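Residue numbers (the UniProt record's numbering): 1 to 64.
What follows is the structure in structure tokens.
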């Protein structure tokens, strides 16, 4: 595996994980609202991005 491809895979995975963490942090700092679904969707999106990043990393290196 070429080193450029190696770093590209790591960068893509880290971008997904970072976006997930930022979404998760943004939602946790939102004021409480009566609509539970808004915060739940934010938490679900944050966790989904983190999982996509981890799965992408494991899948590309055949560790999955």
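Using N, Cα and C, we set each Cβ at its ideal position, and we do this for glycine too.
Since the model is a prediction, treat every value here as computed from it, not as a measurement.
Buried or exposed, going by whether 16 or more other CB atoms sit within 10 Å of the CB of residue i?
i          : result
residue 37 : exposed
residue 22 : exposed
Classify residue i as helix, strand or coil using the three-state DSSP reduction.
i          : result
residue 32 : coil
residue 51 : helix
residue 68 : Since the first and last residues shown for the chain are 1 and 64, residue 68 lies out of range.
residue 63 : coil
Confirm, please, whether the CB-CB distance from residue j to residue i is below 9 Å.
i          : j          : result
residue 57 : residue 13 : yes
residue 24 : residue 54 : no
residue 61 : residue 9  : yes
Distance, Cα to Cα, residue i vs residue j?
i          : j          : result
residue 5  : residue 19 : 21 Å
residue 63 : residue 42 : 29 Å
State yes or no: is the beta carbon of residue i nearer than 9 Å to at least one beta carbon in chain D?
i          : result
residue 52 : Of the protein chains in the structure, only one exists, and it is not chain D.
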